[in-house]
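**Q** First to last, the sequence lines map onto chains A and B. Plus 89 on top of the position in the first sequence (first one is 1) and you've got my numbering. Plus 89 on top of the position in the second sequence (first one is 1) and you've got my numbering.
Number of protein chains: 2
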Amino acid sequence: MNINEAAAHAGLPAKTIRYYEEIGLIRPGRAANGYRSFAEADLHKLTFLGRARSLGFSIEDCRALLALYEDRARASGDVKRLAERHLAQIAAKIAELREMQATLGHLVEACAGDARPDCPILARLSDSAEGQATLSKASSPVLPSTSSSRVTRSSRA
Amino acid sequence: MNINEAAAHAGLPAKTIRYYEEIGLIRPGRAANGYRSFAEADLHKLTFLGRARSLGFSIEDCRALLALYEDRARASGDVKRLAERHLAQIAAKIAELREMQATLGHLVEACAGDARPDCPILARLSDSAEGQATLSKASSPVLPSTSSSRVTRSSRA
DNA sequence: GGTTGACCTTCCTGTGACTGGAACCCTTAT
DNA sequence: ATAAGGGTTCCAGTCACAGGAAGGTCAACC
Chain A
90 MNINEAAAHA
100 GLPAKTIRYY
110 EEIGLIRPGR
120 AANGYRSFAE
130 ADLHKLTFLG
140 RARSLGFSIE
150 DCRALLALYE
160 DRARASGDVK
170 RLAERHLAQI
180 AAKIAELREM
190 QATLGHLVEA
200 CAGDARPDCP
210 ILARLSDSAE
220 GQATLSKASS
230 PVLPSTSSSR
240 VTRSSRA
Chain B
90 MNINEAAAHA
100 GLPAKTIRYY
110 EEIGLIRPGR
120 AANGYRSFAE
130 ADLHKLTFLG
140 RARSLGFSIE
150 DCRALLALYE
160 DRARASGDVK
170 RLAERHLAQI
180 AAKIAELREM
190 QATLGHLVEA
200 CAGDARPDCP
210 ILARLSDSAE
220 GQATLSKASS
230 PVLPSTSSSR
240 VTRSSRA
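1) Pick helix, strand or coil for R205(B), following the three-state DSSP scheme.
2) Just checking: is the beta-carbon of N93(B) within a distance shorter than 8 Å of some beta-carbon in chain A?
3) Distance cutoff 8 Å, beta carbons only. Does E149(A) sit that close to anything in chain B?
4) What does H175(A) reach in chain B if we use C-beta pairs closer than 8 Å?
5) Are the beta-carbon atoms belonging to I112(B) and A95(B) less than 8 Å from one another?
6) Who pairs with R125(A) in a beta bridge, going by DSSP?
7) By the three-class DSSP mapping on this structure, what secondary structure does C151(B) have?
8) Check whether chain A comes within 8 Å of I112(B), counting only Cβ atoms and requiring the distance to be less than that.
9) With C-beta atoms as the reference, is A172(B) less than 8 Å away from L196(A)?
10) Could you tell me whether the region 128 to 141 of chain B touches the region 210 to 219 of chain A, using the rule of 3 or more Cβ pairs below 8 Å?
11) State buried or exposed for S217(A), treating a residue as buried only when at least 16 other CB atoms are found within 10 Å of its CB.
12) Just to confirm, are C151(B) and L101(B) a CB contact at a threshold of 8 Å?
13) Quick check on DSSP: helix, strand or coil for S165(A)?
14) Answer yes if the region 156 to 167 of chain B comes into contact with the region 182 to 202 of chain B, meaning at least three C-beta pairs across the two stretches below 8 Å, and no otherwise.
15) Would you mind telling me which residues of chain A sit closer than 8 Å to D203(B), beta carbon to beta carbon, in chain order?
16) Would you check if the distance between the CB atom of D167(B) and the CB atom of L155(B) is smaller than 8 Å?
17) Assuming L144(B) contacts L193(A) (C-beta within less than 8 Å), just tell me the rounded distance between them.
18) Can you pull the chain B residues whose beta carbon is under 8 Å from the beta carbon of Y158(A), in chain order?
19) Between which two residues does the alpha helix (DSSP H) harbouring I106(B) extend?
20) What in chain A is Cβ-close to H133(B), meaning under 8 Å?
21) Which same chain residues end up closer than 7 Å to V240(B) when comparing Cβ atoms and leaving out the 5 residues on each side of it in sequence?
22) Look at the Cβ atom of H98(B), then the Cβ atom of L132(B), and state whether they are nearer than 8 Å.
23) Between P117(A), P206(A), F127(A), I179(A), which lies nearest to S147(A) when the distance is taken from Cα to Cα?
Written out as structure tokens, the structure reads:
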């Protein structure tokens, strides 16, 4: 099976599959003409990777998960630990976003949104008064990443 | 005022300030020895930028906000629109993360986490049965970004 | 046999918002 | 004279790919 068919099968772009091979996540065979040749096992791995990525696991986490998946003597505790760590990062990220949402939500509500220049949003951003902690607080180098939608930024100390 | 003092004042790393100058967000003056020289107005802009970034606005949004901030004839409606668009992205991102959290949370709960190899998490990731939509659904290229904690990844079509 | 068009290959660049580090200059104190 | 602690520029790396160029391969059709 060639790459595009495998891509359709796994629900991943061909580009992504080539990338996964490049970083050693998969090792599809090669046909005589140099084309990648995907076997059942490769397709399973790709599907596995796609799902793990869609749950927000980083590539390195995926690598670890794949290794555990292939290790019949694994301890489910190792998998669980990994997942719990990831869950904690997700929770932290959500908390961070909710702070932004709350702060910005209040400001938006307070803004008339008409043709006049007065704007509580800009006022808050430029306010030189005290009592302004960093607007949204955030943890440290938290969660690795995925594609699509990103949103955060932590405040500097 | 030199860069490190300005950095402390604005709560941003000096590296970031140099970067902001490079991309044209600020234009500090230069002393005779070539050192950047930050005036009050520069400090205000930096503080403004730091706060906007901490609310998750992208650099380009920050550029627009800064322009609005400096335009005394701005319409608050323009600011509000920008903020509302950002709020929508935050909400979308939160929804995406919550889906991940829910899915992964269930799997973690179901996992014994002991020395045995049986693991519902791996089972779900590798399950070849039907009825498995992409584990977490997500919108498209949503939110720009900030630093620190990232988490998402959307599913491919 | 020639040509189209779809598919495959590799390689290079770009993304966002920085961070780290190298190599070097300036200033002040010892 | 030298050492420490600023400052400067420039280059590379991050993460997980996406876009695109240049070229090889394959099946079909005329």
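We put the CB at the ideal spot given by N, CA and C, even for glycine.
**A** In short, the structure shows the following:
1) As a first step, residue 205(B) is located in the second sequence; it is residue number 116 there, counting from the start. Note: R205(B) maps to coil in three-state DSSP.
2) The residue given as residue 93(B) occupies position 4 in the second sequence. It does not; no Cβ of chain A falls within 8 Å.
3) What you label residue 149(A) is simply residue 60 of the first sequence in a count that begins at 1. Not an interface residue.
4) Start at 1 with the first residue of the first sequence, and residue 175(A) comes out as number 86. Correct list: L193.
5) Looking up residue 112(B) in the second sequence gives position 23. Looking up residue 95(B) in the second sequence gives position 6. Not closer than 8 Å, so no.
6) Position 36 of the first sequence, counting from 1, holds the residue named residue 125(A). Bridge partners of R125(A): R119(A).
7) One-based indexing of the second sequence puts residue 151(B) at position 62. Correct three-state label for C151(B): helix.
8) The residue labelled residue 112(B) in the question sits at position 23 within the second sequence. Answer no: the Cβ-Cβ gap between I112(B) and chain A never drops below 8 Å.
9) As a position in the second sequence, residue 172(B) is number 83, starting the count at 1. As a position in the first sequence, residue 196(A) is number 107, starting the count at 1. Yes, the Cβ-Cβ distance between A172(B) and L196(A) is below 8 Å.
10) Contact between the region 128 to 141 of chain B and the region 210 to 219 of chain A is present: 3 or more CB-CB pairs across the two stretches fall below 8 Å.
11) By one-based count along the first sequence, residue 217(A) stands at place 128. S217(A) is exposed by the Cβ-count criterion.
12) Your numbering for residue 151(B) matches position 62 in the second sequence. Your numbering for residue 101(B) matches position 12 in the second sequence. It is not a contact, given that the beta carbons lie outside the stated cut-off.
13) As a position in the first sequence, residue 165(A) is number 76, starting the count at 1. S165(A) sits in a helix when the DSSP states are folded into three classes.
14) no
15) Residue mapping note: residue 203(B) aligns to position 114 of the second sequence, counting from 1. In chain order: A164, S165, G166.
16) As a position in the second sequence, residue 167(B) is number 78, starting the count at 1. As a position in the second sequence, residue 155(B) is number 66, starting the count at 1. No.
17) For the purposes of this step, residue 144(B) is taken as residue 55 along the second sequence, with counting starting at 1. For the purposes of this step, residue 193(A) is taken as residue 104 along the first sequence, with counting starting at 1. L144(B) to L193(A), Cβ: 5 Å. Contact.
18) The residue labelled residue 158(A) in the question sits at position 69 within the first sequence. For a Cβ distance threshold of 8 Å, residue set L211, L214, S215 of chain B lies close to Y158(A), ordered along the chain.
19) For the purposes of this step, residue 106(B) is identified with residue 17 of the second sequence, where counting begins at 1. I106(B) -> alpha helix (DSSP H) spans 103 to 111.
20) On the second sequence, position 44 is the one that residue 133(B) refers to. By Cβ distance, chain A contributes S215, S217.
21) Reading the second sequence from its first residue, position 151 is the one you call residue 240(B). So the list reads L186, once near-sequence residues are dropped.
22) Here residue 98(B) corresponds to residue number 9 of the second sequence, with the count starting at 1. Here residue 132(B) corresponds to residue number 43 of the second sequence, with the count starting at 1. It is a contact, given that the beta carbons lie within the stated cut-off.
23) To locate residue 147(A), count along the first sequence from 1; it is residue 58. It is I179(A).
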